[in-house]
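These notes are about the structure you will find just below.
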Amino acid sequence: MSSELIAELTGAALAPGTRYEYDRRAKLFEDWCNTHALQAWPSEERTIARYVHSLETQSLQHMQATISAIMHGHRQRGLASPVADDGLVRNYMAGAARRGAVKPQVLPSEAPIRFGDALAVLRHFTGTTSRQTLKKLAYLSLGVFHDLRNDNLGQLEKRDIDVDEAGLLVRLRRSKSDQVGKGREVWLPHLKDCPAECPACVVVRHLAELDEERLFTSASDLAPTSADGLTRLSGTKWLRELCAVSGVLIDEPISTRSMRSGCTTSMYEAGVPEHEIAAFLGHKRAQTTRRYDRRGEAERTLHLDV
Numbered sequence: 000m001s002s003e004l005i006a007e008l009t010g011a012a013l014a015p016g017t018r019y020e021y022d023r024r025a026k027l028f029e030d031w032c033n034t035h036a037l038q039a040w041p042s043e044e045r046t047i048a049r050y051v052h053s054l055e056t057q058s059l060q061h062m063q064a065t066i067s068a069i070m071h072g073h074r075q076r077g078l079a080s081p082v083a084d085d086g087l088v089r090n091y092m093a094g095a096a097r098r099g100a101v102k103p104q105v106l107p108s109e110a111p112i113r114f115g116d117a118l119a120v121l122r123h124f125t126g127t128t129s130r131q132t133l134k135k136l137a138y139l140s141l142g143v144f145h146d147l148r149n150d151n152l153g154q155l156e157k158r159d160i161d162v163d164e165a166g167l168l169v170r171l172r173r174s175k176s177d178q179v180g181k182g183r184e185v186w187l188p189h190l191k192d193c194p195a196e197c198p199a200c201v202v203v204r205h206l207a208e209l210d211e212e213r214l215f216t217s218a219s220d221l222a223p224t225s226a227d228g229l230t231r232l233s234g235t236k237w238l239r240e241l242c243a244v245s246g247v248l249i250d251e252p253i254s255t256r257s258m259r260s261g262c263t264t265s266m267y268e269a270g271v272p273e274h275e276i277a278a279f280l281g282h283k284r285a286q287t288t289r290r291y292d293r294r295g296e297a298e299r300t301l302h303l304d305v
């Protein structure tokens, strides 16, 4: 099997957001190897162990994700992974975890964009005719009111959305939590009497102004654009711009995860049973849902999922 075909197949096995993160981490490893006059592809297990050791101030999750990215980089190039199940790298990580040498990275929690916050933003931009603004408002609407991940939003195309007088039916394709591409459908209803801040109406307006097939791309922004459409950097930039102009959550730590945590927190605060929230978000475990609950929390341990 050719290395090109292997790269194509291994790349197709990952969601776009995961593939982007793996490629980024693999490039950092390659740059480090070049700096230290070491071979990256293929690399020796001792080289990977040295690189991982250089990251020991990072979280354990960060180091594990980096190892996965390097292993994926080898598979992409048709090379055998040098990381053995009982080899140097695995033993190093096991020892670090046992002795607590690597501490979890604790960061201020991102500010949740609750339903009320998102409606205030939409209300502020009532009547806007700017295509760029409508795009960002539609991104906010789908991200907050139906808890869509950035990679979900980056993949959406016109053909994925059916519009009728009751609301929008959105078909989601593969994502980080759905690597096999089973997909699912979500429903975004119109608000009663369709006020100016109705999220479904905002998405419909964006669709009407859209000339291209993909709903959200970052090509027009001064941010890196992946072949899969929208990067987290661009999504974060859009959200911060909307909040700054509308005066909502000014100077708060906003990121793309603010949409998911805002949706989850809003549902908890509304008294929705936890098992129903988990089902709505597509979570198999309530523990996963609780990670996005921001009621009264000042800090949260960052867990990087790749």
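Numbering follows numbering that gives the first Met the number 0, with no gaps: position 105 of the sequence shown is 104.
Ideal Cβ placement from N, Cα and C applies to all residues, glycine included.
Computed from a predicted structure; not experimentally measured.
| query | result |
| --- | --- |
| Selection from L118, A119 and E211 that minimises the alpha carbon distance to L155 | E211 |
| Other residues of its chain near M266: CB distance less than 6 Å, five sequence neighbours each side excluded | I276 |
| Beta carbon of E208 nearer than 8 Å to that of R130 | yes |
| Entirely enclosed alpha helix (DSSP H) segments - the segment 74–162, minimum 4 residues | 87–98, 114–123, 130–144 and 149–154 |
| Alpha-carbon to alpha-carbon, C197 and A25 | 42 Å |
| Proximity to R290 [Cα-Cα], best of I47, S257 and S80 | S257 |
| Burial state of E55, where buried means 16 or more other Cβ atoms lie within 10 Å | exposed |
| Terminal residues of the alpha helix (DSSP H) in which V202 lies | P198 to E208 |
| Between the CA atoms of P111 and V120 - distance to the nearest angstrom | 14 Å |
| Collapsed DSSP secondary structure at L232 in the structure displayed | helix |
| Expected contact under 8 Å - CB spacing of L187 and V169 to nearest Å | 6 Å |
| Residue burial classification, C193 (beta-carbon count within 10 angstroms, cutoff 16) | exposed |
| Contact set for A285: own chain, Cβ-Cβ below 6 Å, skip 5 residues either direction | E273 and A277 |
| Spatial neighbours of T255 in its chain, beta-carbon cut-off 6 Å, leaving aside the 5 residues before and after | N149, R231, G234 and T235 |
| For R18, the three-state DSSP class (helix, strand or coil) | helix |
| Nearest-angstrom Cα separation, counted from H35 out to I66 | 18 Å |
| Contact under 8 Å by Cβ, L139 with R204 | no |
| Assigned secondary structure, E55 (DSSP; H/G/I helix, E/B strand, else coil) | coil |
| Strand pairing of G166, partner residues [DSSP] | D163 and P188 |
| Same chain, Cβ closer than 6 Å to L214, five either side skipped, listed in chain order | L155 |
| Contact under 8 Å by Cβ, L390 with L241 | There is simply no residue 390 to check, as the chain begins at 0 and stops at 305 in what is shown. |
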